[in-house]
Amino acid sequence: MAFLNNQWYCAGFGHDLKEAPVAVRILDEPIVLYRLPDGTAAALQDRCPHRFAPLSRGKVCGASLQCGYHGLEFGPDGACTHNPWGDGAIPKAARVRSYPLVERDMFLWIWMGDPALARTQDVLDLGSFFNLPAHPVVYDNYRLQANYEVVIDNLLDLSHGIFLHGGTLTNGQEAGKLRAEMKQEGDTVIALHRRDNEAPAPFLSKAWAGRTERVNHRSDMHWHPPGNLVHVVGITELGQPQGRDDGVYLHVAHILTPISERETHYHWIAARNFALDDAEAGKALHGAIHRAFTVEDEPMIAAVQERMGTTDLMALRPVLLPGDAAALRARRITESLRKRELEPERAPVT
1152 MAFLNNQWYC AGFGHDLKEA PVAVRILDEP IVLYRLPDGT AAALQDRCPH RFAPLSRGKV
1212 CGASLQCGYH GLEFGPDGAC THNPWGDGAI PKAARVRSYP LVERDMFLWI WMGDPALART
1272 QDVLDLGSFF NLPAHPVVYD NYRLQANYEV VIDNLLDLSH GIFLHGGTLT NGQEAGKLRA
1332 EMKQEGDTVI ALHRRDNEAP APFLSKAWAG RTERVNHRSD MHWHPPGNLV HVVGITELGQ
1392 PQGRDDGVYL HVAHILTPIS ERETHYHWIA ARNFALDDAE AGKALHGAIH RAFTVEDEPM
1452 IAAVQERMGT TDLMALRPVL LPGDAAALRA RRITESLRKR ELEPERAPVT
C-alpha cells in the first residue's frame, strides 16, 4: 500500500526528546530527532551518506549531529557541516534529507512529503480542544502490530465497546440502546454515538458519585486525515443537553503514526473536567485507559490484522453493519487522498 506523504504525522511526545538523539521509523523511513542548543527540534534521515551508519547512534555537537562511525556532522538542514578527515573539504554529496518539524501541544509533528507543501497552520490544533493548560492530562504511547487503518476502524466504530470493553469503559450488554450517526465535514469524518438512560460507565462512576443513578452517555469521535482522532466522552443527567461543558466529560486524542505497513505507533492524551487537583484521579484515569487498550483493544486489533492477512479490508468483502459507516468513509477519503498524491496533475484543457 502507498502511504500518504503530504501530511503531518506525530513523531513523538516533545518531552521525550532531550539531550540525546532519538531514532524513530515513520512510513517505513528511518528518521533521527535531536534538539539544537536553543531547544528547537530537528529531524533528519537516520542514515549517514558515507557508510550508512544510523546517525541516531552518534551525538549532538552544537547545532549539528555527529555520526558515531566516522565523525561527519550534519546540520538541521541536512547539509554536512564538518568533515574531520583530510583537508576538511566537504563532498557535495555529503547531505541527508531533512524534514519539516513542528513542536506543538505536547507533540512533535513531522511532514513526510514535499517540504514546499508543508504549512504549519495545517497541524492539528489540540491546545484549544483540550483547554490546555487549564485541564490536567494523562498520556501514554504504544506500538501495535497492525496497519494504522485497522486501528482507525476500531476507533471510529465504538459499538465494539459494549462487548470488548464491558465492565471497564462501558456497562457491557446492560448498556442503553446505542444510536450511531456519521457526518462528514470536508475531509473530517465524525462518528456520533449516544446511549440513553443507563448507569454511569465504570470509569466515570466515581466522578458522578452522589448524583443521579441514570445518565445519558455521549461519545463523539472526529477523524482527521491521516490518522488523528479527537474524542469527546461524557455523561449528563437525563433530559439535559449534551454540550461539551455539561456533565462529566473527557477529551481524548488518539494519534496514529504508521511505522510500517503492519505496525503503528499510537500516542494518546486525555483531559478531564472533574477532580482537576486530584492526582489519584489522574492515575485512575490513566489506569483505566491503559488497561482498556493493552488488555482489550490491542490484542484484538493484532488478531484481526493477523486473520485479515492484508491491509486491504474491502478486498476481503466484509459483512457490513451500521456502525461501520464512519470507518468506511474514512477509508474512502484516505484512498482519494492517495490518488491525488500519486496521480500527476493534469494539464488544463485548452
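Sequence positions in the sequence shown follow the working numbering and run 1152 to 1501. Glycine residues also receive a C-beta, built at the ideal position from the N, C-alpha and C atoms. Remember, predicted model here, so these are calculated numbers, not experimental data.
| query | Where does Phe1314 land, buried or exposed, given buried means 16+ other C-beta within 10 angstroms? | reply | By the Cβ-count criterion, Phe1314 is exposed, with fewer than 16 other Cβ atoms from all chains shown falling within 10 Å of its own Cβ.
| request: Would you mind stating whether Tyr1299 and Gly1378 have Cβ atoms separated by less than 8 Å? | output: yes
| In its own chain, which residues sit with a C-beta less than 6 Å from the C-beta of Ala1476, not counting the 5 before and 5 after it? | Met1333
| query | With burial defined as no fewer than 16 other Cβ atoms inside 10 Å of the residue's Cβ, what is the status of Pro1251: buried or exposed? | reply | buried
| field | Exposure of Cys1218, with buried meaning 16 or more beta-carbon neighbours within 10 Å | value | Buried.
| task | With DSSP as the reference, label Gly1209 as helix, strand or coil. | result | coil
| Contact check, Asn1322 vs Asn1348 under 8 Å by CB: the rounded distance? | Rounded, the Cβ-Cβ distance is 11 Å, inconsistent with contact.
| query | By the 10 Å Cβ neighbour count, where 16 or more other Cβ atoms means buried, how is Thr1387 classified, buried or exposed? | reply | Under this definition Thr1387 is a buried residue.
| How about the region 1225–1234 and the region 1189–1200: do they share at least three Cβ pairs that are nearer than 8 Å? | yes
| field | Whether Leu1178 touches Asn1156 by CB criterion (8 Å) | value | yes
| query | How would you call Ser1279, buried or exposed, if buried means at least 16 neighbouring beta carbons within 10 angstroms? | reply | exposed
| request: Quick one: residues in its chain with C-beta nearer than 8 Å to the C-beta of Gly1165, no 5 flanking neighbours on either side, listed in chain order? | output: Ala1192, Glu1254, Met1257, Phe1258, Leu1259
| query | Leaving out five residues before and five after Ser1207 in sequence, what residues of the same chain have Cβ atoms less than 6 Å from its Cβ? | reply | Pro1172, Ala1174, Val1183, Asp1197
| task | Output the boundary residues of the beta strand (DSSP E) element that contains Leu1307. | result | It is not in any beta strand (DSSP E) - Leu1307 instead sits in the alpha helix (DSSP H) that spans 1299–1307.
| request: Provide the residue span of the beta strand (DSSP E) that contains Gln1196, from first to last. | output: 1192–1196
| query | When burial is assigned at 16 or more other CB atoms within 10 Å of the CB, is Ser1370 buried or exposed? | reply | Counting Cβ neighbours within 10 Å, Ser1370 comes out buried, since at least 16 surround it.
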